[in-house]
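The block underneath contains the structure these notes are about, expressed in C-alpha cells.
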Amino acid sequence: MLLSLSISAAFLMEGLDSTIMVSAIPAIAADFGIEPLRINLALSIYLVTLAAVIPASAWLADRFGAKRIFLWAMGAFMLMSVGAALAQDLPTLVAMRALQAVAGALMTPIGRLLLIRAAPKDQLASAIAWMSTPALIGPVLGPLIGGYVVTYLSWQWIFFVKMPFGIVGMFFAARLLPPDEPGERYNFDLWGFVVCAAFLGAAQLLLDQLVHVFLPMPVIIAMVALLPACAFSYARHMRRRAAPALDLTLLKLRLFRVGFFGGGLSRLGFNALPFLFQLQLQIGFGWSAADAGWVVFIVAASAIALKPMMRRVLAQFGFKVTLFGNAMLGAVMIALIGLIGPDTPIAITVCVVFLFGVVRSLQFNTTNTLLFADIPRVRQSASTSLGGVGQQLSMGLGISVAAVLVAQIQAMGVSVPAQAISASIFIIAGLTAVSGLFFLGLQHADGADVSRHKAYSARS
12 MLLSLSISAA FLMEGLDSTI MVSAIPAIAA DFGIEPLRIN LALSIYLVTL
62 AAVIPASAWL ADRFGAKRIF LWAMGAFMLM SVGAALAQDL PTLVAMRALQ
112 AVAGALMTPI GRLLLIRAAP KDQLASAIAW MSTPALIGPV LGPLIGGYVV
162 TYLSWQWIFF VKMPFGIVGM FFAARLLPPD EPGERYNFDL WGFVVCAAFL
212 GAAQLLLDQL VHVFLPMPVI IAMVALLPAC AFSYARHMRR RAAPALDLTL
262 LKLRLFRVGF FGGGLSRLGF NALPFLFQLQ LQIGFGWSAA DAGWVVFIVA
312 ASAIALKPMM RRVLAQFGFK VTLFGNAMLG AVMIALIGLI GPDTPIAITV
362 CVVFLFGVVR SLQFNTTNTL LFADIPRVRQ SASTSLGGVG QQLSMGLGIS
412 VAAVLVAQIQ AMGVSVPAQA ISASIFIIAG LTAVSGLFFL GLQHADGADV
462 SRHKAYSARS
C-alpha cells in the first residue's frame with residue numbers, strides 16, 4: 012500500500028493541477044492586465060500537451076528505464092510549477108504550463124506501469140484502487156483549494172501547494188520502487204507521434220471553438236480537414252511499424268476494448284458533472300466559490316469511503332454486473348443532481364452528491380482495473396500509454412463537452428444559466444447511461460483472476 016501511495020503522489024499533483032487554476036482565472040487576468048477569457052489558453056494548452064505527449068511515455072520507459080523517467084518527470088513537474096508561479100505575463104505562463112504538461116504526460120502513465128509491474132496479480136485491484144484515489148480527489152479538491160488560496164494568499168500559491176506531496180512521493184518512490192533496467196530498445200515512432208499530436212491538438216481546439224471562437228475561419232477549416240487526414244495517415248503508418256506511438260491493435264483485446272470505450276464514455280460523464288455542478292452552484296444559485304467547493308468536495312470524501320467496499324463488490328458481482336449496474340446507477344445520480352434547485356434542503360444535496368461520489372469512484376477504479384486485467388507483460392508499456400491517452404482525453408472531453416453543451420443550449424435561447432446547466436446535466440446523464448451498454452459485451456467470468464469473482468475465480 013505504501014508503494015501505491017508513493018506513486019499516487021504524482022496522480023494527486025496532476026489531478027490538482029487540472030482544476031486548481033480555474034478558481035484563479037480572474038486574479039491572474041487582473042495581475043496580467045488582460046481579459047479573463049485569454050487565460051483559458053493556459054488551461055487548454057495543458058490538456059492538449061498532456062494528451063499529445065503521453066504516447067512517448069512507453070518508449071521512454073523502455074529506452075531509459077521506467078523508474079528513472081518517473082523520478083525525473085516528478086522533479087520536472089515541480090520545477091515547472093515554480094516557473095508558472097513566477098510568470099509575469101501570459102506567454103510565460105502558457106510556456107510553463109506546456110512544459111509542465113510534458114512532465115505530467117510521462118509521470119502518470121509510467122507510474123501506473125511501475126505499479127502494474129510491482130503488484131502481484133491478486134492484489135492488482137487493491138493497488139490500483141489506492142493509486143487511483145488521488146486521481147479522483149485531486150480534480151475535485153482543486154477548485155476548493157484554489158478558491159481559498161486565491162482569497163487568503165495569492166494566485167501564485169496555487170502552484171506551490173502541490174510541492175509537499177511531490178517531494179514526499181518522490182522520496183518514497185526512490186526508495187520503495189525496485190530497480191529496473193531499460194527494456195528492449197527500438198526506434199521511436201516520431202512520425203506516428205507527430206500525427207497523433209496533431210490529431211489530438213486539432214480536436215481539442217475545435218471543441219474550444221464551439222464555446223468561444225478565437226481562431227479565424229480558414230484555420231478552423233484547415234483543422235477540420237486535418238482530422239480525417241491524420242486518422243487515415245496514422246492507420247496506414249501503424250501497419251508498417253513494429254512499435255507504433257499508439258498501438259491501436261490493443262483494441263483487439265476484448266477486455267481492453269470494452270474498458271477503453273465504455274470506460275472512456277462513462278469517465279466523460281462522471282468528469283463533466285463536477286464541472287457543471289460547480290457552475291450551477293455559483294452561477295445558477297449564487298453560492299460563493301468556497302461554499303460551492305465544499306459541496307463538491309463531498310465527492311472526494313466519498314471516494315475514500317468506498318475503499319473498503321470495492322474489492323468486496325468486485326468479488327461478489329464481477330466486472331460485468333458491477334460496471335453495467337454502476338453506469339446505470341451513475342446516470343440516475345447525475346439526473347438527480349440535475350433536479351437539485353436553490354431551495355433543495357442542503358441535507359438532500361449532500362446525500363445525493365455523496366452517493367454520486369461513491370458511484371463515480373467505483374466506476375473509475377473498476378474500469379482502470381479492467382483495462383489491464385488480461386494484458387500480457389510484453390504489452391504493458393503500450394497498454395499504459397494508450398490507456399493513459401484515453402483516460403486523459405475523457406477527462407478533458409468531459410469538461411469540454413460540458414462547456415459546449417451549456418454554450419449551445421444558451422445559444423438556442425435558454426437565457427437563464429441555471430436552466431441551461433440543468434439541461435446539460437440531463438444530457439450528460441444520458442451519455443453515462445449509454446456507456447453502460449458497452450459493458451454488456453463482457454462475460455460474467457471475465458477478469459475473474461483479478462476481481463476474484465466468487466462464482467468463477469476458483470475455476471480459472
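For the sequence shown, our numbering begins at 12 and goes up steadily by one.
We treat Cβ as the ideally placed atom computed from N, Cα and C, and that holds for glycine.
The structure presented is a predicted model; accordingly, all values stated were derived computationally and were not measured.
Item: By Cβ distance below 7 angstroms, which residues in the same chain neighbour V172 in space, the five residues on each side in sequence not counted?; Value: I156 and V160
Item: Just how far apart, CA to CA, sit L187 and P66?; Value: 26 angstroms
Item: Are G115 and L54 close, meaning C-beta to C-beta below 8 angstroms?; Value: no
Item: Is the separation between the beta-carbon of S394 and that of F267 shorter than 8 angstroms?; Value: yes
Item: Comparing C-alpha positions only, which one of A358, M320 and F296 sits nearest to S433?; Value: F296
Item: Whether or not the segment 117-125 and the segment 81-90 are in contact is what I'm after, with contact meaning three or more pairs of Cβ atoms, one per stretch, closer than 8 angstroms; do they touch?; Value: yes
Item: Distance, Cα to Cα, V105 vs I56?; Value: 7 angstroms
Item: Can the beta-carbon of G376 be found closer than 8 angstroms to that of M321?; Value: In the sequence as presented, Gly is not what sits at residue 376; that position holds Asn. Contact flag set, yes.
Item: Give the single residue among V113, A77, L101 and Q99 whose Cα lies nearest to the Cα of L90.; Value: V113
Item: List the whole-angstrom C-beta distance separating F170 from L23, where the pair is believed to meet the contact cut-off of C-beta under 8 angstroms.; Value: About 14 angstroms; that fails the 8 angstroms criterion.
Item: If you draw a straight line from the C-alpha of A40 to the C-alpha of Q430, how long is it?; Value: 28 angstroms
Item: Decide yes or no for the touch test of the segment 239-249 against the segment 411-422: beta carbon pairs closer than 8 angstroms, at least 3 of them.; Value: no
Item: Could you tell me if K486 is buried or exposed, where buried requires 16 or more neighbouring beta carbons within 10 angstroms of its beta carbon?; Value: With the chain covering 12 to 471 only, the question about residue 486 has no answer from this structure.
Item: Could you spell out the range, first to last residue, of the alpha helix (DSSP H) harbouring W298?; Value: From DSSP, W298 is part of no alpha helix (DSSP H); its letter is neither H nor E.
Item: Please confirm whether F335 and L451 have their CB atoms less than 8 angstroms apart.; Value: yes
Item: Straight-line CA distance for V33 to G153?; Value: 8 angstroms
Item: Could you have a look at R252 and say whether DSSP puts it in helix, strand or coil?; Value: coil
Item: State the DSSP-derived secondary structure class of M89, mapped to helix, strand or coil.; Value: helix
Item: What does the Cβ neighbour count give for Q454, buried or exposed, with the cut at 16 atoms within 10 Å?; Value: exposed
Item: So what's A456 in DSSP terms, helix, strand or just coil?; Value: coil
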